[in-house]
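Counting along the sequence shown from 1, when you hit position 414 you're at 444 in my numbering, and nothing is skipped either side.
All C-beta atoms, glycine included, are put in the ideal place defined by N, C-alpha and C.
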Amino acid sequence: MSGNHGERIQAGSAQLRFPYDSHKRVEERAWIEARVMELAEYTDPESRGYTRLAFSKEDTLGRKAVSRFMKDAGLAVRVDAAGNIIGRMNGRQADAPIITTGSHIDTVREGGRFDGVAGVIAAIGAVRCLRSRDFPTQHPVEVVVFTSEEPNEFGASTVGSRAMAGTLDKRLLVTLKNKEGLSLDEAIQRVGGSAKGINEAARARGDTLAYLELHIEQGPTLDNMGIPVGVVNGIAGFARGQVTVVGSTDHAGTTPMDVRKDALVAAAEAIQVLERVGRRKDLPNTFATIGVVENYPNAANVVPGRVVMVTDVRNTEMEFIERAEHAFQEELRKISTRRGVDISFDRSNISFPVNMDTWVTGLIEESCQACGVPYHLMTSGAGHDASHMAGITRAGMIFVPSRMGKSHCPEEWTDFGDIALGAEILAATIFKIDERAKEVGEHGQGNC
Ligand SMILES: [Zn+2]
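Structure (C-alpha cells):
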C-alpha cells in the first residue's frame with residue numbers, strides 16, 4: 031500500500047506544518063554525506079569492505095567521532111551503563127518524557143557504510159534541523175547510539191537497546207566471553223559503561239514518550255518502487271531451528287547406491303522443502319532460509335553420515351511462523367521414512383514479531399504527506415533496536431532505500447539525498463510527537 035503521493039496539508043489547516051526548505055535540505059545532505067563518509071574511515075584495514083565490530087578499536091574511534099558530531103550539534107553527551115552514547119537536547123519542560131531517536135554504528139564483518147550509521151547521522155541531522163529552525167521542543171530529545179546492535183564476538187546482539195528496555199540478562203555479561211577470554215562485562219566497561227550498574231541503563235515505561243529509528247531498508251522494495259520513504263508498521267519475528275540428519279557413514283567407493291543412507295542428500299531435499307514452504311500462498315510474507323549446513327565427516331571419499339543445519343523462518347505473524355515450521359516438520363518425516371535416515375528438528379531461538387505504534391506510524395505518514403513525499407507502508411524483515419524499544423515505549427521506524435536491496439556487504443548504498451529527506455521526515459515527526467503528546471495522555475504540553 032502506498033501513501034498519498036504529493037498530497038500537501040493546506041496552510042491554515044489544524045495540522046502543523048513543518049517549514050520545509052529546499053536550500054537547507056541541500057546543506058543538510060552535504061553535512062550528512064561528510065559524517066557518513068568519515069565514519070566509513072573507521073574500518074578494520076585487514077578486512078574487505080567496512081568492518082567496525084562492536085568494542086573494537088575502530089568502534090571506539092567511531093564512537094568518539096559520533097560524540098563529537100553530537101556536541102557540534104549542541105547536544106549534551108553522556109554514556110550510560112550499557113555503553114550507549116546519549117546526546118540530549120533539553121526540552122522546555124525538563125521533567126517531560128523523552129523523545130528518543132537513534133540506531134547503531136557497529137557493523138557486521140565486511141559490511142557496508144549505511145546500516146545503522148544512516149539512522150544515527152539522520153537523528154543528529156534531525157536535531158540540527160529542529161534547532162536551526164528555532165523549534166524548541168517541550169520534551170527533551172535524546173539521540174542514542176546503541177551499543178553492539180549486530181551479533182558481536184561474544185555471541186550477543188542488540189546489547190544496548192535490550193539494556194535500555196530492561197531485558198538484557200545480566201548473567202550473560204559475565205558468562206559470555208570472546209576468543210581472548212574477555213567478558214562482555216569488561217568490553218562494556220572499555221567503552222565507558224559499567225556492567226555493575228547495568229540496571230541504571232534501563233528506562234521505565236513512561237520515561238520515554240516515543241522512539242523513532244531511521245534505518246536503511248536492507249531489501250529492494252523501495253528501490254524497485256522508486257519511493258524514497260518506507261513507513262514501517264511491524265518488524266517480523268523469526269524462529270531458528272536446528273535440523274539434524276543422521277544417516278550412515280560409509281565408504282564412497284564400495285557402498286552401493288541403493289543401500290546408502292546419505293545424510294547430505296536427505297538434507298538437500300530438506301533445504302528444497304523449506305524453500306517451497308516459504309513460497310506457499312497460504313503463508314504470505316514468509317521468509318524461510320537454511321543458511322548453515324555442517325556436513326560430517328566432510329571428506330571426498332566418505333558417504334556423509336551426519337548433517338546439522340540451521341533454519342530461519344520469518345513473518346510478522348507468529349501464527350504463520352508456527353504453521354511454516356509445522357509444515358516443514360511434516361515433510362521432514364516423509365524424507366526420513368523414504369530415505370531411512372533419522373531427522374530431528376529443534377527450535378533453538380525465537381524472536382516474536384513486533385508491531386510499531388499506530389499513533390507514531392500515523393504521525394510519520396502525516397509528516398510525509400505534509401512534505402509531499404511519497405511513502406510506502408511496509409514491514410521490516412530484519413530485527414532492529416526498535417524491536418526492543420517497542421517494549422517500553424511507542425516505537426516507529428522510517429526506512430530509506432537501499433540500492434538494489436544490498437546490505438551487510440561493501441556494495442551497500444543509500445543516496446545521501448534520501449537520508450537527508452528521511453532526516454527531515456524524522457525531524458517533522460519529532461515535532462509532531464512533541465506537539466501532540468496530549469493525544470496519548472502525556473505531559474510536556476506547556477500551557478496548552
Ligand atoms: Zn542495523
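Within the same chain, show all residues whose beta-carbon is closer than 7 Å to that of residue i, passing over the 5 residues directly before and after it, in chain order.
i: Phe375; result: Gly271, Val273, Gln359 and Leu362
i: Val157; result: Ala103, Leu105, Met119, Val171 and Val173
i: Val96; result: Ile115, Ile135, Val150 and Val175
i: Lys462; result: Leu46, Leu393, Glu396 and Ser397
i: Phe165; result: Phe461
So for residue i, helix, strand or coil by DSSP?
i: Asn331; result: coil
i: Ile422; result: coil
i: Gln40; result: Interpretation of Gln40 is limited by its pLDDT of 37, a score under 50 that renders its predicted location unreliable; no figure is taken from the coordinates.
i: Ser97; result: helix
i: Met67; result: helix
i: Met427; result: strand
i: Ser410; result: strand
i: Ala112; result: coil
i: Asn254; result: helix
i: Thr341; result: strand
i: Arg336; result: strand
i: Gly249; result: coil
i: Lys291; result: coil
i: Asn208; result: coil
i: Asn229; result: helix
i: Val56; result: helix
i: Val259; result: strand
Locate the beta strand (DSSP E) running through residue i, then write down its first and last residues.
i: Val323; result: Phe317 to Tyr326
i: Gln272; result: Gly267 to Val276
i: Thr238; result: Thr238 to Ile246
i: Ser381; result: Asp372 to Ser381
i: Gly132; result: Ile128 to Ser133
i: Val174; result: Val171 to Val175
At what residues does the alpha helix (DSSP H) containing residue i begin and finish?
i: Met119; result: Careful: Met119 lies outside any alpha helix (DSSP H), inside the beta strand (DSSP E) at Ile115 to Met119.
i: Val395; result: According to the sequence provided, residue 395 is Glu. The question's Val does not apply to it. Element bounds for Glu395: Thr388 to Ala400.
i: Cys159; result: Val147 to Ser162
i: Ala357; result: Met348 to Arg369
i: Leu214; result: Leu214 to Arg220
Could you name the residues of the same chain whose beta carbon sits closer than 8 Å to that of residue i, not counting the 5 residues immediately before and after it, in chain order?
i: Arg424; result: Leu239, Ala240, Tyr241, Asp387, Trp389, Val390 and Val470
i: Val332; result: Thr279, Asp280, His281 and Ala282
i: Arg161; result: Ala103, Gly104 and Met119
Enumerate in chain order the residues of its own chain whose CB-to-CB distance from residue i is below 6 Å, with the five nearest sequence positions on each side excluded.
i: Glu230; result: Ala111
i: Leu513; result: Since the first residue of the chain shown is 31 and the last is 478, residue 513 is not available in this structure.
i: Arg78; result: Glu140
i: Thr346; result: Gly264, Ala266, Pro383 and Thr409
i: Arg336; result: Val276, Ala293 and Tyr326
i: Tyr405; result: Gly33, Val259, Val261 and Cys398
i: Ala296; result: Val275, Ile365, Arg369 and Val371
i: Phe446; result: Arg59, Ile62 and Glu63
i: Gly117; result: Met100, Leu105, Val107 and Val173
i: Glu37; result: Confidence is the limiting factor: at Glu37 the pLDDT is only 37, short of 50, which leaves the residue's position unreliable, though a coordinate-based value still follows. Result list for Glu37: Gln399, in chain order.
i: Glu183; result: Asn208
Residue i CB to nearest chain C CB: under 8 Å?
i: Pro404; result: Of the chains in the structure shown, none is chain C; there is only one protein chain.
Who does residue i pair with in a DSSP beta bridge?
i: Ala457; result: Paired residues: none, contrary to the question.
i: Arg309; result: None; Arg309 has no bridge partner.
i: Val107; result: Gly117
i: Gly190; result: The partner list for Gly190 (beta bridge, DSSP) is empty, contrary to what the question assumes.
i: His281; result: Val332
i: Tyr80; result: Gly141
i: Gly264; result: Asn385 and Thr409
Pocket of ligand 1 (residues with CB nearer than 5 Å to any heavy atom), chain order:
Asp145 and Gly146
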